[in-house]
Each structure stands twice: as structure tokens, then as C-alpha cells.
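There are 2 protein chains.
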Amino acid sequence: MATSMSHRFLDACRRRPVDSTPIWLMRQAGRYLPEYRAVRARVSFLELCKTPDLAAEVTLQPVDILGVDAAILFSDILVVCEAMGMKLILEDEGPQFPTPLRTQADVDRLHIADPERELGYVMEAIRRTLKGLGGRVPLIGFCGGPWTLAAYMIEGKTSRSFERAKAALFSDERLAHELLGKIADTLVAYLNAQLAAGAHALQIFDSWAGALGPEDYAKFGAPYIARVIAGLERDARDPQPVIVFGVETGELLAQLAATGADVVGVDWRVPLDEARGRVGPGVALQGNLDPATLFLPLAEQEIRVARVLELADRAGPGHIFNLGHGVIVGTPVENAKALVRQVHAHTPPR
Amino acid sequence: MATSMSHRFLDACRRRPVDSTPIWLMRQAGRYLPEYRAVRARVSFLELCKTPDLAAEVTLQPVDILGVDAAILFSDILVVCEAMGMKLILEDEGPQFPTPLRTQADVDRLHIADPERELGYVMEAIRRTLKGLGGRVPLIGFCGGPWTLAAYMIEGKTSRSFERAKAALFSDERLAHELLGKIADTLVAYLNAQLAAGAHALQIFDSWAGALGPEDYAKFGAPYIARVIAGLERDARDPQPVIVFGVETGELLAQLAATGADVVGVDWRVPLDEARGRVGPGVALQGNLDPATLFLPLAEQEIRVARVLELADRAGPGHIFNLGHGVIVGTPVENAKALVRQVHAHTPPR
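Order-wise, the sequence lines are chains A and B. Note that this note's numbering has the first sequence beginning at 1, numbered continuously upward. Note that this note's numbering has the second sequence beginning at 1001, numbered continuously upward.
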């Protein structure tokens, strides 16, 4: 990565001065892009994840089309669970584990995945993406948070209230520790393989963090993220930044900041200056425009983007612009392009 | 209402001393009860809402079966929208408006409903429920929050991200004001009719409050709840308490407390002592056990109930025990019964 543009994202993660606010969008490679839909017309979601050339192709699309400051590898947080021994069905209606975890024996049967052998297609996609990027912008690798993956594996599919997962983990701490521990150890190996393949930064998506109250998150959520981060073998001189993110995490921000993460992602419910008060001065903030904003007329969108930037400036150094959650299907590409232009026009105070 | 038991709920709403902590459960009349399922085997959800004898019957079930301290009328927040002129389909898969609001003309066509003429079955259900209660416990009437109803009417069904509703309201404040104003005025008349029919308290379910960031909620959410509450014709000597509730409202609690509500409902994400700091001393708190707790073994459930009670005591006078959201389908009735017993064993400090 030779140009200053390509470092803007990493500099902001490290709370160093930047020429303008960097931006990328969660789910920036996705169904709102016609170019993505053209690829998906030929292959299923899971095939796309497992075909390095195609995964690299869609990873690059938003860099070329929108001009974002980072690429994020196209994949899914649940491929790890498949590698641990679970049958996985990934379709647009939402992912499913047809034989969810039900007993201690089910958990015992899971193995700590070997990333190069069982998830090699991810590392190969990283290498091909890096070639395609040619140093233009950094590449973010990622994984799901241990709690979120465990909840998926127990529920078998997305859930409104997670009663099965909560009942299983809350009522049997030995089982909870075994399951979350196995997942965390797999994630350490997986993320280290992503770093070895060349990822410049990592994001841990603990998407369902906010389903847990703060006392439960302190037991079943944050400690396992901390364990993953502690296990990373990062560049000693310029360690690759780690971002943690979840939605509905207003009450969990301090815990997320204490995991060892460099950056905490914030959904649109908590203003960034308020978030700063909760995470302290030691981490950068990522976020947090309401994703629905991209359905507004551009002039109205601009006012709301300016407001996020204003609150970010108030929160102090270290801001990566992003949405508060993933790009919504149906988002007009024109709005996403305008968003990138507008954020780039902003220089945060030193 | 002659006995002291029947006043415990109202006393707590008014932050007066109580002999033991009162409890009721959101969605306490519902599919987890075999007695409810027996009624539903004979009629559709909407028929049940519109048949006063049956609505009264299922309203009374949890009072008889669980021994809760308040009944809440069995109905649905969306019947009001039907009365305003929208076609409504209410089935177990989730409610739908097959012709959602799309244009200014659609909004213009809505009328402010006349509750006695267009929602008379609700008032009749209240009168029959009161007869069945015979003063044992107070009866809570309810409605949806204006933002939540508007969002449903624009989206046409439940939504993950509400981009249509947000785009419509955020980009056209005149339309937003007309729609939210019409809904609020309908709700004033509707709740006043419920009070006239004998409801002892009211709850406003702004279920989707948490989908809005704090600045948007200050524009499109809280002011319309305040308008509804301001329009109520309550008993001058002992005004019927009003409870406001939404989920994911951590950042909105102060706004909810400022609407004029007597009680603010809190989901399980915010500990009650922390919630007290946000709402100030002037309101009672309702909540906030994670509904998934009722899937735990009773001993483990008991520990978690005790913790909510401990934090509530710390939050000071005025606590109505409830779940942080509705009873989950599949909840064991035995757990719900044990919950009521355990809460009743607790006397809050004076």
C-alpha cells in the first residue's frame, strides 16, 4: 500500500491524523449492487463464498464502484461453524443449521477447525483480493463473535428472542465454556490465518451482542472476544487493527472497548459523542449513520451525514465513517456514492 | 376494587408504598397458555379481538392462572389503524396492511376514528372484563405509539430496518406531521373511551421506538406520545396511571419519562438502577427480566429474578415487575407461575 489514500483507514483506526475521514460500509458488497447480483445470478451464496475468484471479484466491486477506503472480504460468519463440523445451509432467506446443537455430545463432537485445511478458500480469496487491490486500499478480514456463533449453532437459525441459546448457556456454564471456548480457539486460528494471508485489519461481528443484558454479556460475550484478540499474532511494529461491532450495544460499549479492540463500532442508536463517554479515550469509533438514511433525497442525506461527522469531531481523534448496520437491500447506489463523496470532503480536526 | 391486593399495581405506578412488588407480564394472555390456545382453535386472532366475550375470557386467564396483579385487555395495537380506514390482516405470521400508505392522498384519506362507533368491541370487552374481574385486580387498557403505528401503516408489515417509513417521514415533515397527528388524535379519543369504559391504567406500546436514533425520536416519537397523554381525560382526584414502553430504548428513556407518563417500561438491556439515572426520580419503572429467563430451571430463574428485584430496590420507590418484552411463545406456564410467586415474596424498602 503505497499511496496515502490507502492508509487513511488504518491511520484512523490507530487514532492518527488523517487527510479526510475514511469510510467503508458494512455489507458494501451485496445485493444492492447490480454487479453483485450479476455474479449471484450464476452461483449460490455459499458457492460464492467458496469460489476464491468470485469472492475476490465481489469484494473489489465497492472499491471500484463507490471508492471506499477499505475492502472487506466477502464471506459469511457462519462458514467457521461448518468447518467445526456443522451442516450449514446458506440461502437468501437466512442461514440455517438443519441439525442445531442440542446436547453435550453435540458440543463434544465439534472440533477446532484447521483454517488452512478447512477454510482454505477464505485465505485464497484474501490472496486473490490483495492482488486485485494492488495496494489501493487495505483489506479487512473478519469473523463472527463467539456468542453470536454459539447462538446461531444452538438456535439453528436466526431468532427473535434466543431462548434456546440463552437457556442452554445460562443453565450450564460448563457447556457454555466448552462451546464458547472451542469457538474462540477456532477463531484465533482462523483470524491468524487471515493475517498470514495478508489481511490488514480484522472486524469481529458480534452481531447479536445486544440480545444479552450487560451482566450476561460480561460472562458469555466480551470475555470470549477478549480471548480471541489476545490470541492474535499481529505485526509487532504496526499491529493490524481489530474492530469489534454489534447492534443494540448501547449498554455494552465499555465492555467492547475493554476487549483489547482498537476500534469499537457503534450502531445509530448512540450518538458518537455519547459513545465516546462510554468507551473512553483509548479506542477509535466506527459508525454510525442510520442505514435507512440512504433512502432519503441526497440533500436530506447530506444534512444527516454532516451531523454524524459533527458528533464524531466532538468525540475526538479516531473516526472511521460507516453505517450503524449493514447496507439495506434496495439502497440506491447513487446514495452510497454520494455518501462516500461527502465523507471524503470532511477533514477532522487534529 | 375493594381489596388491598387489587391496588398494589396502581400504588406502585404512583410510587406509593406497597406490601409486595406487583407483577404482570406483557403478552400474559397468549399462545403459551393452553387455555388461550383452546379459544384460538375456534376463532382467528382478529375475530378474537372483535368478540368481546372471548376477548374478556382470554384477558382473565392469566389473572386466574398466574395470579398477576393486573389484567391487560386482549387486543392488538393495529385495530386502531383499521378503524382509521386501512384494510388489516391479522394472522399468527404477523399482521399485514395489504395496501400500505404510499402517497399524500393515502394519508389524506385516513380519518380520525370514532372509538365508540368504530372500535366499540374494545370498549365492550373492557366492560365485560371488569365484570369478570369483580374488582380483583385493575385492568390496563392500551394502544400503540404513534410512530410505531405510522411505521406499520407505511411498511405494510413488520420490517427489519423501516427504510420506507423513515424515508417517508424524514423527507416530508408536513406529511409526517399530518399522519402522526391524525394517529395521535385518534389515540386520544380511543384511550379516553377506554377510560370511560372503566380501564384503571393505560399502557402505550411504542414497540419500535428503538428503531429511531435519539434525534429522530425527539422529532417523530416522543412529542406525539406527549400529545396523546396531554389529551387524556383522567380522574382528577386519582388519575389513572399511564405507562410508556418500547424496546431498545436505552438512549430514549429520558425522552419517554418526559412525555408525561407515570411509568416508563424498560427492556432487559438496561439495569433498573441505571435506568433510574436516565429517567430521573419522577416516574415509576416497569420491568425488566429477560423473557428468555422463563426457559431456565426454576432455581436459576430465581437467582435472576432476585437480581432484578435488587436493582429495582436500588432504583428507589415505584417498581412494577414485568418482563423486558412480551412472554415468548413456548414459555413453560410453570415458570410463569413461579415468577409471580417469587416476586410476591418480595417487599420493597419504603
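For glycine and all other residues, C-beta sits at the position ideal for the given N, C-alpha and C.
With distances taken from CA atoms, which of the options is nearest residue i?
i	options	result
B/G1067	B/P1348, B/A1338, B/L1309 and B/R1350	B/A1338
B/L1256	B/L1090, B/I1112, B/E1173 and B/A1284	B/A1284
A/G30	A/D11, A/S75 and A/I126	A/S75
A/P349	A/E310, A/V327, A/N335 and A/A71	A/E310
B/R1015	B/L1179, B/V1308 and B/G1280	B/G1280
A/A222	A/L195, A/D290, A/A258 and A/S207	A/A258
A/K131	A/A184, A/A55 and A/H177	A/A55
B/Y1032	B/G1330, B/Y1217 and B/E1124	B/G1330
A/E124	A/G144, A/I65 and A/A196	A/A196
A/E334	A/T293, A/L90 and A/P17	A/T293
B/I1320	B/E1302, B/D1238 and B/A1201	B/A1201
A/Q342	A/G265, A/E300, A/R40 and A/R314	A/E300
B/E1082	B/A1150, B/I1072, B/T1129 and B/P1034	B/A1150
A/A315	A/L232, A/R234 and A/V264	A/V264
B/P1133	B/L1073, B/P1291 and B/H1325	It should be noted that the sequence gives Leu, not Pro, for residue 1133 of chain B. When each option's Cα is compared against that of B/L1133, the closest is B/L1073.
B/I1140	B/V1340, B/D1019 and B/L1060	B/L1060
A/E178	A/D19, A/P100 and A/D106	A/D106
Mapping the DSSP letters down to three states, classify residue i as helix, strand or coil.
i	result
A/V305	helix
B/L997	With chain B covering only 1001 through 1350, there is no way to say anything about residue 997 of chain B.
A/I243	strand
B/I1320	strand
B/F1142	strand
A/V264	strand
B/I1112	coil
A/F162	coil
B/T1003	Because B/T1003 carries a pLDDT of 36, less than 50, the predicted location of this residue cannot be relied on, and the following value inherits that uncertainty. Three-state result, B/T1003: coil.
A/I154	helix
A/L202	strand
A/A236	coil
A/I225	helix
B/I1077	coil
A/A70	coil
A/L296	coil
A/G181	helix
A/I126	helix
A/S171	helix
A/A258	coil
Using the Cα positions of residue i and residue j, report the straight-line distance between them to the nearest angstrom.
i	j	result
A/I243	B/D1114	53 Å
B/L1048	B/E1093	16 Å
B/T1347	B/L1323	18 Å
A/M5	B/T1158	With a pLDDT of only 37 at A/M5, under 50, the local geometry of the prediction cannot be trusted, and no value is derived from it.
B/G1198	A/L175	51 Å
B/R1037	B/Q1096	22 Å
B/F1009	B/Q1286	11 Å
B/I1023	B/H1344	8 Å
B/D1215	B/I1077	Checking the sequence shown, residue 1215 of chain B turns out to be Glu, not Asp. So the two alpha carbons sit approximately 25 Å from each other.
B/V1270	A/G213	7 Å
B/G1246	B/A1165	17 Å
A/M1	A/R278	At A/M1, the pLDDT of 41 sits below 50, so the modelled position is not reliable and the matter cannot be decided from this model.
A/R136	A/E57	15 Å
A/W147	A/D206	7 Å
A/V63	A/D273	29 Å
A/D69	A/P138	7 Å
A/I183	B/A1012	45 Å
A/V80	A/G282	30 Å
A/A189	A/E118	11 Å
A/Q104	A/R276	41 Å
B/F1142	B/I1204	6 Å
B/A1336	B/N1288	14 Å
B/E1116	A/A41	54 Å
Flag residue i as yes when its Cβ comes closer than 7 Å to any non-hydrogen atom of the ligand MG, and as no otherwise.
i	result
B/E1334	Although the ligand MG was asked about, the structure shown includes no ligands whatsoever.
Are the C-beta atoms of residue i and some chain E residue less than 8 Å apart?
i	result
A/A336	Of the protein chains in the structure, A and B, none is chain E.
Among all the DSSP beta bridges, which residues are the ones paired with residue i?
i	result
A/N288	A/N322
A/I89	A/Q96
Identify each residue in the segment 263-283 of chain A for which the Cβ-Cβ distance to at least one residue of chain B is less than 8 Å, and report them in chain order. W268, R269, V270, P271 and E274
Against chain B: residues of the segment 294-315 of chain A by CB proximity under 7 Å: F295, L296, P297 and E300
Please identify, using Cβ separations under 8 Å, the residues of the segment 235-249 of chain A that lie next to chain B, in order along the chain. E248
If the cut-off is 9 Å on Cβ atoms, which residues from the segment 209-229 of chain A count as contacting chain B, listed in chain order? G210, A211, L212, G213, P214, E215 and D216
Using a Cβ-Cβ cut-off of less than 7 Å, list which residues of the segment 158-181 of chain A approach chain B; keep chain order. Answer set for the segment 158-181 of chain A: S161, F162, E163, K166, A167, F170 and S171.
At a Cβ cut of 7 Å, what residues of the segment 1249-1261 of chain B count as close to chain A, listed as they run along the chain? G1250 and E1251
Anything in the segment 68-80 of chain A with a Cβ closer than 7 Å to a Cβ of chain B? List those residues in chain order, please. none
For the segment 5-35 of chain A, which residues have a CB atom closer than 8 Å to at least one CB atom of chain B, in sequence order? none
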